[in-house]
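Sequential numbering of the sequence shown, starting at 292, is according to the numbering used here.
What follows is a single structure, written as structure tokens, with notes after it.
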Amino acid sequence: MKLETYLVAASATVIHGEGGTCGGFINDPPVCAPGLVCVHTSQIADLPGVCRKPSKTVKSPSTTTTQHVNGEGGSCGGFILNPPVCSPGLTCVYSNVPDLPGTCTLISPSPTQQVNGVGGACGGFILNPPVCSPGLVCVHTNPIADLPGTCVQPAKSTKTVSKVAPTPLDS
Numbered sequence: 292m293k294l295e296t297y298l299v300a301a302s303a304t305v306i307h308g309e310g311g312t313c314g315g316f317i318n319d320p321p322v323c324a325p326g327l328v329c330v331h332t333s334q335i336a337d338l339p340g341v342c343r344k345p346s347k348t349v350k351s352p353s354t355t356t357t358q359h360v361n362g363e364g365g366s367c368g369g370f371i372l373n374p375p376v377c378s379p380g381l382t383c384v385y386s387n388v389p390d391l392p393g394t395c396t397l398i399s400p401s402p403t404q405q406v407n408g409v410g411g412a413c414g415g416f417i418l419n420p421p422v423c424s425p426g427l428v429c430v431h432t433n434p435i436a437d438l439p440g441t442c443v444q445p446a447k448s449t450k451t452v453s454k455v456a457p458t459p460l461d462s
């Protein structure tokens, strides 16, 4: 088998002939010459493949491997070829290293938005801030916009009163 290597001057991409390496997790990975395909045989997606002539025996990895579906506590994701996924109703929770797999975890129900009456807190820069009961308005008296306001009866005065916009949960 004769290995041929070509250099494309414009992009500095190396083009390999049959038997040469291709792909991989590097800057400007080598590619196969026209008429050849890059065949990856490793389960490690970062590794290069080998340039081969297409044939009936060379199949794409997606048709020769199966994807595993894991239950709660199982492994999911990660930077590998055909990473496992979570069963429906579970979500993959990752660590701080994106290449590492995560863990299939039961999806927590979304928190409900708290509805407060007169004198209760409303708004503020938090996840799912509380809102006022229907007919009440949220008054912000603090100049710090991130702090919550107070639910009050609407008053006919010259004070500026802000209403909290309805949320999808109000429907």
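Glycine included, every Cβ here is placed at the ideal spot set by N, Cα and C.
Limits of the unbroken beta strand (DSSP E) element including residue i
{"i": "Thr432", "result": "From DSSP, Thr432 is part of no beta strand (DSSP E); its letter is neither H nor E."}
{"i": "Val328", "result": "328–330"}
{"i": "Leu397", "result": "393–397"}
{"i": "Val443", "result": "440–443"}
{"i": "Gly340", "result": "340–343"}
Backbone secondary structure at residue i - three-state DSSP
{"i": "Ser366", "result": "strand"}
{"i": "Asn361", "result": "strand"}
{"i": "Ile306", "result": "strand"}
{"i": "Asn387", "result": "coil"}
{"i": "Gly314", "result": "coil"}
{"i": "Asn407", "result": "strand"}
{"i": "Ala446", "result": "coil"}
{"i": "Ala412", "result": "strand"}
Pairwise C-alpha distance: residue j and residue i
{"i": "Thr441", "j": "Pro425", "result": "14 Å"}
{"i": "Gly315", "j": "Leu338", "result": "5 Å"}
{"i": "His431", "j": "Pro379", "result": "42 Å"}
{"i": "Ile317", "j": "Leu381", "result": "33 Å"}
{"i": "Ala324", "j": "Val305", "result": "9 Å"}
{"i": "His307", "j": "Ile335", "result": "21 Å"}
{"i": "Gly326", "j": "Thr403", "result": "58 Å"}
{"i": "Cys423", "j": "Thr394", "result": "38 Å"}
Residue i and residue j closer than 9 Å at C-beta
{"i": "Gly368", "j": "Cys342", "result": "no"}
{"i": "Leu438", "j": "Val409", "result": "no"}
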